[in-house]
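Written out below as structure tokens is the structure these notes cover.
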Amino acid sequence: MSVDRYLALLRGINVGGRNKVPMADLKQAVEDLGYTDVRTFIQSGNVLFSACGSADSLAGALEAMLPRHFQLDSGQIMVLVVDRARLATIVNDAPRGFGAEPEVYKYDVAFLKGVTGAAVMDHVRPNPAVDAVWAKPDAFYYRRLTSKLSQSRMSRIISTPLYRSMTIRNWNTTRKLLTLMDEPG
Numbered sequence: 017m018s019v020d021r022y023l024a025l026l027r028g029i030n031v032g033g034r035n036k037v038p039m040a041d042l043k044q045a046v047e048d049l050g051y052t053d054v055r056t057f058i059q060s061g062n063v064l065f066s067a068c069g070s071a072d073s074l075a076g077a078l079e080a081m082l083p084r085h086f087q088l089d090s091g092q093i094m095v096l097v098v099d100r101a102r103l104a105t106i107v108n109d110a111p112r113g114f115g116a117e118p119e120v121y122k123y124d125v126a127f128l129k130g131v132t133g134a135a136v137m138d139h140v141r142p143n144p145a146v147d148a149v150w151a152k153p154d155a156f157y158y159r160r161l162t163s164k165l166s167q168s169r170m171s172r173i174i175s176t177p178l179y180r181s182m183t184i185r186n187w188n189t190t191r192k193l194l195t196l197m198d199e200p201g
């Protein structure tokens, strides 16, 4: 089996002062699993690494490792592992012009695990004056008018059952992660 480059997206760590995971400790714990070229990016739970195995099996190993090394509320934690091809598809499938007006809009991507973008659309009620949403098979894209963020309805997604099946990154972080996939740890 060949060694491939992966990105682990951890949901629920270092949010609101809960589930604190120091990135240096996370990097070491991932290396202890035998993964190589490990690199973390910002505090929101982005880990790039090289390993053998399927994305699902690697995600399972990471999910099993986390509570052994860190004090976490396991109900909040989810790990999604994607390879470079899947991340590139998510970036390249973004709606036309997505991210083009960062001074006007805030852009986010919800990476999905075990649920489709169409299923998420069934549970979201955007404010048409503020929010725009798009669904793709592996991701849910949305933008919010920065001047009216308090009127956005997108934060309500947190209260849906589907929230446990997604992890959200802003568009700049998502694009940077794709760039980092090509750099060794």
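So the number in the working numbering is just where the residue sits in the sequence shown, counting from 1, plus 16. From the three backbone atoms N, C-alpha and C, an ideal C-beta is built for every residue, glycine too. Treat the numbers as computed from the prediction; the structure is a model and nothing was measured.
Starting from residue i and walking both ways along the alpha helix (DSSP H), at which residues does that stretch end?
{"i": "M39", "result": "M39 to D48"}
{"i": "M197", "result": "W187 to M197"}
{"i": "V131", "result": "Per DSSP, V131 belongs to no alpha helix (DSSP H) and is neither H nor E."}
{"i": "M17", "result": "No alpha helix (DSSP H) holds M17; DSSP gives it neither H nor E."}
{"i": "M81", "result": "A71 to H85"}
Count the other CB atoms, across all protein chains shown, that sit within 10 Å of the CB of residue i; report buried if there are 16 or more and exposed otherwise.
{"i": "K129", "result": "buried"}
{"i": "R34", "result": "exposed"}
{"i": "T195", "result": "exposed"}
{"i": "I184", "result": "buried"}
{"i": "A145", "result": "exposed"}
{"i": "S163", "result": "exposed"}
{"i": "S168", "result": "buried"}
Restricting to Cα atoms, I'd like to know which of the options is closest to residue i.
{"i": "N108", "options": "V37, Y157, K164 and R84", "result": "Y157"}
{"i": "H85", "options": "V136, K152 and V46", "result": "V46"}
{"i": "F127", "options": "S73, L178, V31 and V146", "result": "L178"}
{"i": "L96", "options": "L74, F114 and I106", "result": "L74"}
{"i": "H139", "options": "R172, E199 and V98", "result": "R172"}
{"i": "T176", "options": "L165, D147, T189 and A135", "result": "A135"}
{"i": "S18", "options": "L165, M39 and S70", "result": "S70"}
{"i": "P118", "options": "A155, Y22 and T189", "result": "T189"}
{"i": "R112", "options": "Q59, I58, R159 and S60", "result": "R159"}
Rounded C-beta distance between residue i and residue j? I'm assuming under 8 Å.
{"i": "N186", "j": "Y123", "result": "6 Å"}
{"i": "V54", "j": "K43", "result": "5 Å"}
{"i": "M137", "j": "A151", "result": "5 Å"}
{"i": "G28", "j": "I93", "result": "5 Å"}
{"i": "D20", "j": "R102", "result": "About 11 Å; that fails the 8 Å criterion."}
{"i": "M197", "j": "R100", "result": "5 Å"}
{"i": "L23", "j": "L64", "result": "5 Å"}
{"i": "L78", "j": "V120", "result": "About 37 Å separates the two Cβ atoms, so there is no contact after all."}
Quick one: what does DSSP say residue i is sitting in, helix, strand or coil?
{"i": "K122", "result": "strand"}
{"i": "A145", "result": "coil"}
{"i": "V56", "result": "The residue you asked about is not Val; residue 56 is Thr in the sequence shown. Strand at T56."}
{"i": "I106", "result": "helix"}
{"i": "A24", "result": "strand"}
{"i": "R34", "result": "strand"}
{"i": "A151", "result": "strand"}
{"i": "L3", "result": "The shown model of the chain, from 17 to 201, leaves out residue 3, and the question about it has no answer."}
{"i": "I29", "result": "coil"}
What span of residues does the beta strand (DSSP E) with residue i cover, start to end?
{"i": "N62", "result": "N62 to A67"}
{"i": "R159", "result": "A155 to L161"}
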